[in-house]
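Count along the sequence shown from 1, then add 3; that gives the number in my numbering. C-beta: ideal position from N, C-alpha, C; glycine also. No experiment lies behind these values; they were computed from the predicted model shown. Following: one structure in structure tokens, then a few remarks.
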Amino acid sequence: MTKQDQFLDRWETSFKEGSFVRASFTGARNLASPPPAENAQVRLIELNGLPAWSVTFREQRGDRTRNFPPGEFFAFVRNELLPAYRTGLLGTTRKDWQLIQSDSPGKEARLVSHASARAEPPSRTHDQKKPSLLDERARDWLLGLDVTTEDGKVRGSMADKHRQIHRYLEILSHHLEPCESGSPFSVVDMGCGKGYLTFAVWHWIHRIRGASATVVGIDSRKDLVDRGNELALSIQATGLVFRTGAIQDAEIGRPDALIALHACDTATDDAILKGVSAGVKHLMVAPCCHQDLRPQLGRPIPWDAILEHGILLERFAEWLSDGLRSLYLQAAGYSVKVLEFVGAEHTPKNLLICASRPPREDHAARQRAIERIRTIQAEFGVAEHPLGKLARDAEEILMKRE
Ligand SMILES: C[S@@+](CC[C@H](N)C(=O)[O-])C[C@H]1O[C@@H](n2cnc3c(N)ncnc32)[C@H](O)[C@@H]1O
């Protein structure tokens with residue numbers, strides 16, 4: 004019996020005897036085709052009075068759920084989940100089991116047992132309400148920032164802002180969750196403005212994750228910084244401070260993550276440069292302005308036929324700016340995802356670039372990004388990009404390593 008068979012056997016037994024708690028699958032296996040999502044979480048639920056398996060595929064752009072009757076389920080796990088993910092976790096009320104599979108063909112998997120994390124199986128009710136990231140615990144700072152009223156209701160004029168904060172936290176928790184587990188976590192928010200997201204990030208680390216947080220909001224406007232500090236003090240937000248200053252001159256040390264949402268003019272690129280040179284593990288920026296590229300942008304054949312239309316030229320300049328930002332981050336050694344973080348009906352500035360340092364450096368990916376930047380910029384006549392330094396530094400590093 005292989006370790007995979009043993010894992011499935013224990014799972015089926017836990018189902019039959021009623022001791023199943025949960026299962027999850029994480030980490031893409033390099034051997035197989037890409038997994039259906041970043042990770043998969045499995046629950047046993049009741050549908051119309053009958054047991055069913057509910058698989059939630061978690062991705063940065065949102066969750067997808069598929070329900071299976073018991074008869075079809077274990078074939079799905081064997082054929083789809085086990086080949087795609089490196090680690091499977093089975094939680095039962097008797098013991099927890101971890102299946103760790105190797106990428107090397109022929110190398111046997113390991114099956115490790117742990118003490119059970121739960122003595123009782125969870126409720127099988129299907130529609131368990133997902134706890135909101137902005138629950139009661141967020142009441143004080145949401146009120147302080149005038150997002151909600153005294154009785155906790157979202158103000159009509161602040162509904163979009165509330166949605167934006169919530170969505171941002173959802174993405175943040177997906178993006179950072181696999182990397183940190185309750186350990187101290189530091190974040191700098193560049194161009195923090197009134198501090199909606201600065202408070203939100205602090206809330207997530209400190210009040211939701213229960214970790215110790217150092218969160219710094221930086222903004223050139225002293226009045227906003229003073230107000231942020233007053234509110235932080237009044238709600239006793241340990242580890243949250245606001246500082247007046249320009250992004251380009253800020254001393255930020257070496258935080259775990261840097262965020263910048265809708266920082267105007269050159270501030271997004273200044274924030275990216277700051278974050279990369281500080282060696283942050285995670286960067287999340289929502290660009291606001293795309294002014295640098297537009298004047299440089301040529302209209303090569305056959306693109307001229309499209310770019311002669313002002314609005315298309317405008318949108319293309321935005322698109323190209325953010326695409327190049329992503330490539331520069333890849334050249335600097337980050338893996339990058341570009342997401343839409345709220346619907347375009349709420350704000351047109353709704354793109355979020357999420358970059359994380361991978362556990363292993365991928366020199367080939369960095370080199371490829373440099374070459375792509377060169378090709379694209381040559382094609383559209385972009386002589387200089389505000390993030391140009393990132394590609395020059397990367398080239399130097401890669402040359403030394405050759
Ligand atoms: C559009 S607001 C966004 C505020 C906040 N990030 C949010 O999403 O709610 C942009 C903020 O960036 C600040 N800012 C722009 N350029 C800056 C710079 N170079 N240094 C520091 N702050 C800057 C502005 O003062 C302003 O408060």
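For residue i, verify whether its CB is less than 7 Å away from any heavy atom of ligand 1.
i    : result
A397 : no
H196 : With the sequence shown as reference, residue 196 is identified as Gly, and His is not the correct amino acid for it. Yes - ligand 1 has a heavy atom lying nearer than 7 Å to the Cβ of G196.
R224 : yes
I250 : yes
D268 : yes
H312 : no
H169 : no
C291 : yes
L390 : no
Y337 : no
D259 : no
H415 : The chain is shown only over 4 to 405; residue 415 falls outside these bounds and no answer can be derived.
Within its chain, find whatever has a CB closer than 7 Å to the CB of residue i; leave out the 5 residues flanking it on each side and keep chain order.
i   : result
S27 : N42, A43, Q44, V45 and L92
P37 : A31
R69 : V58
H3  : In this structure the chain extends from 4 to 405, so residue 3 is not present and cannot be described.
R81 : L11
For residue i, list the residues DSSP reports as bridge partners.
i    : result
W205 : W205 pairs with nothing; no bridge assigned.
Q370 : Looking at the DSSP assignment, Q370 forms no beta bridge with any residue, so it has no partner.
L227 : Answer is none; L227 lacks a bridge partner.
K19  : According to DSSP, which records beta bridges pairwise, K19 is partnered with nothing at all.
I168 : DSSP, once it has assigned bridges, lists no residue as partnering I168.
H117 : D99
N70  : S57
D222 : T247
C357 : M287 and K340
E49  : P54
R25  : G94
L261 : V191 and L286
A43  : F28 and F60
Where residue i and residue j are concerned, what is the direct C-alpha to C-alpha distance, given to the nearest angstrom?
i    : j    : result
T247 : L234 : 15 Å
G256 : F23  : 46 Å
I211 : K403 : 44 Å
C266 : V288 : Going by the sequence as given, residue 266 is Ala instead of Cys. Straight-line Cα distance between these residues: approximately 9 Å.
R377 : E387 : 11 Å
D307 : Q380 : 16 Å
G313 : V279 : 34 Å
G196 : E382 : 37 Å
A78  : E254 : 55 Å
D268 : S105 : 47 Å
L85  : A112 : 11 Å
L172 : D259 : 16 Å
L300 : K392 : 19 Å
Y199 : F188 : 19 Å
Please classify residue i as buried or exposed, where buried requires at least 16 other C-beta atoms within 10 Å of its C-beta.
i    : result
Q167 : buried
M193 : buried
D229 : exposed
L53  : exposed
G155 : exposed
G336 : buried
H117 : exposed
Beta-carbon within less than 8 Å of residue i's beta-carbon, same chain only, minus the 5 sequence neighbours each way: which residues are those?
i   : result
R97 : S17, S22 and S119
Leaving out five residues before and five after residue i in sequence, what residues of the same chain have Cβ atoms less than 6 Å from its Cβ?
i   : result
P39 : F60
Cβ of residue i within 7 Å of any heavy atom in ligand 3?
i    : result
I221 : Among the ligands modelled here, namely ligand 1, ligand 3 does not occur.
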